[in-house]
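Trainee:
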Ligand code: KG4
Ligand code: ZN
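Numbering (our numbering), first residue to last: 706 to 1081.
Spelled out as structure tokens, the structure:
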């Protein structure tokens, strides 16, 4: 029998696995985060610390991030458990982002999680961070209706920029991604050129409201090309050229506002075009989903809402706290993996042997559900 892919694997109101709430850890970049979810996906507690030490450097410094995770995580985990009202032995499993990401932080989070799992004699679930972003919109309560497969995900943040066909748990097809900078990285670099603070995306968006999006005719890299790859470095260079005549003098605010508005419009136009192409590269999706910090951008959201309406599908953008790096999505992805294993009649997963990896292609996630190369 084909399993119902929209259910939550809840039998008589009870999820089969895990056998108690899950503690999830996120430490793949510059957010240190913990969350506790019930086996069905209700968020019982969540805490996140956005590391501030990187602002002075205008970007994430991996060594500083790893040390900060080490300093922050034990206390944050303790406070999250306290906030949930549970005791450690009530937990049914521990999960942590185990890749891809900055290896120092991944080692801290995954080893902390494994240590706790071993001490409590509970299973450990190694979560792929991109898979966690991909499934975050399915967390109960995020959208009015359960989001069923396949859906189209646009992931746009400081570190990621890609379109994914999400065809099932463990079944992800990368339709295209950036060939240079991530979208958020481009926003941050341009904001820095304009003399704005870091992270630059939100400040650039605010300044753009005072400017004219048609003031500068910036290029639309890869627009109209086959596939759905992205490129932002040419756009960044074009903006740098406009600033050059000002040398070391501060840009007049109206000019900075016009540059911001024109740059933002170019990014939104390019993403709109790439997502339109992505629709043609997969079986008709049930939903268009966006995730990642850049998905907070109002102009981009307008474009995505328009494309979804053209295809007669809903557009779902999880609330910002779930779009940016967080541990709730890590816990939810671990639960989806457990539920899928139960649905397929497989044992509760335990990934204590899985090592943190800076790269971990989504194409490998199917292996969880295969026995000797055959899908179960
Ligand atoms: O997902 P996120 O919190 O962290 C990771 O990169 O994983 O995304 C942060 C990125 C930063 O580059 C930030 O500038 C960008 O998202 N961002 C925005 C906006 N809000 C955040 N970019 C454009 N417009 C925004 N409103
Ligand atoms: Zn992320």
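The beta carbon of each residue, even a glycine, is placed where N, CA and C say it ideally should be. Just so we're clear, the structure is a prediction, and the values are computed from it rather than from any experiment.
Rounded to whole angstroms, what is the Cα-Cα separation between residue 710 and residue 836?
Mentor: For the purposes of this step, residue 710 is taken as residue 5 along the chain shown, with counting starting at 1. For the purposes of this step, residue 836 is taken as residue 131 along the chain shown, with counting starting at 1. Only weak support is given to the placement of residue 710: the predicted model assigns it a pLDDT of 38, under 50, and the question is left unresolved by the model.
Trainee: Under 8 Å from any heavy atom of ligand 1, does the C-beta of residue 731 make it?
Mentor: For this step, residue 731 is matched to residue 26 along the chain shown. For ligand 1, not one heavy atom lies less than 8 Å from the Cβ of residue 731.
Trainee: Look at residue 738 and residue 754 and say whether their C-beta atoms are less than 9 Å apart.
Mentor: For this step, residue 738 is matched to residue 33 along the chain shown. For this step, residue 754 is matched to residue 49 along the chain shown. Yes; because the gap between Cβ atoms is below 9 Å, this pair is in contact.
Trainee: I want to know whether the segment 923-938 touches the segment 1003-1012 - three or more CB-CB distances under 8 Å.
Mentor: No, the segment 923-938 is not in contact with the segment 1003-1012.
Trainee: Under the criterion of a Cβ to heavy atom distance below 8 Å, does residue 794 qualify as lining ligand 2?
Mentor: For the purposes of this step, residue 794 is taken as the residue at position 89 of the chain shown. No, the Cβ of residue 794 stays beyond 8 Å of every heavy atom of ligand 2.
Trainee: Specify, as a first and last residue, the run of the beta strand (DSSP E) that residue 878 falls within.
Mentor: Indexing the chain shown from 1 puts residue 878 at position 173. Per DSSP, residue 878 belongs to the beta strand (DSSP E) from 876-882.
Trainee: Can you tell me whether residue 869 is helix, strand or coil according to DSSP?
Mentor: Within the chain shown, residue 869 is the residue found at index 164, counting from 1. Of the three classes helix, strand and coil, the one that applies to residue 869 here is strand, per DSSP.
Trainee: Rounded to a whole number of angstroms, what is the C-alpha to C-alpha distance between residue 874 and residue 857?
Mentor: Position 169 of the chain shown, counted from the first residue, corresponds to residue 874. Position 152 of the chain shown, counted from the first residue, corresponds to residue 857. Cα to Cα, residue 874 sits roughly 14 Å from residue 857.
Trainee: Alpha carbon to alpha carbon, how far is residue 914 from residue 814? Give it in angstroms, no decimals.
Mentor: Locating residue 814 in the chain shown gives position 109, where the first residue counts as 1. Locating residue 914 in the chain shown gives position 209, where the first residue counts as 1. Their Cα atoms are separated by approximately 39 Å.
Trainee: How is residue 818 classed by DSSP in three states: helix, strand or coil?
Mentor: Numbered from 1 along the chain shown, position 113 holds the residue referred to as residue 818. In the structure shown, residue 818 sits in a helix (DSSP, three-state: H, G or I).
Trainee: Are at least three pairs of beta-carbons, each pair with one atom in the segment 1047-1055 and one in the segment 1031-1038, less than 8 Å apart?
Mentor: With a cut-off of 8 Å, the segment 1031-1038 and the segment 1047-1055 do not count as touching, because too few Cβ pairs lie within range.
Trainee: Nearer than 8 Å: is that true of the beta carbon of residue 904 relative to any heavy atom of ligand 1?
Mentor: Looking up residue 904 in the chain shown gives position 199. Checking every heavy atom of ligand 1 against the Cβ of residue 904, one is found closer than 8 Å.
Trainee: Could you name the residues of the same chain whose beta carbon sits closer than 6 Å to that of residue 916, not counting the 5 residues immediately before and after it, in chain order?
Mentor: Here residue 916 refers to the residue found at position 211 when the chain shown is read from its first residue. When the five nearest sequence neighbours on each side are left out, the beta carbons in the same chain lying within less than 6 Å of the beta carbon of residue 916 are those of 962, 963, 965 and 966, in order along the chain.
Trainee: Can you say whether residue 957 is buried or exposed, counting buried as having 16 or more other CB atoms within 10 angstroms of its CB?
Mentor: Numbered from 1 along the chain shown, position 252 holds the residue referred to as residue 957. Exposed, since its Cβ has fewer than 16 Cβ neighbours within 10 Å.
Trainee: Looking at the secondary structure, which residues open and close the beta strand (DSSP E) in which residue 995 lies?
Mentor: Along the chain shown, one-based indexing puts residue 995 at 290. Looking at the DSSP string, the run of the beta strand (DSSP E) that includes residue 995 is 993-996.
Trainee: So, with DSSP's three-state summary, where would you put residue 1028?
Mentor: Walking along the chain shown from the start, residue 1028 turns up at place 323. The answer is helix: DSSP assigns residue 1028 an H, G or I state.
Trainee: Ligand 2 and residue 700: does any heavy atom of the ligand fall closer than 8 Å to the residue's C-beta?
Mentor: Past the edges of the chain, shown from 706 to 1081, lies residue 700, and the structure says nothing about it.
Trainee: Roughly how many angstroms separate the alpha carbons of residue 1006 and residue 876, rounded to a whole number?
Mentor: The residue given as residue 1006 occupies position 301 in the chain shown. The residue given as residue 876 occupies position 171 in the chain shown. Those two C-alpha atoms are separated by around 26 Å.
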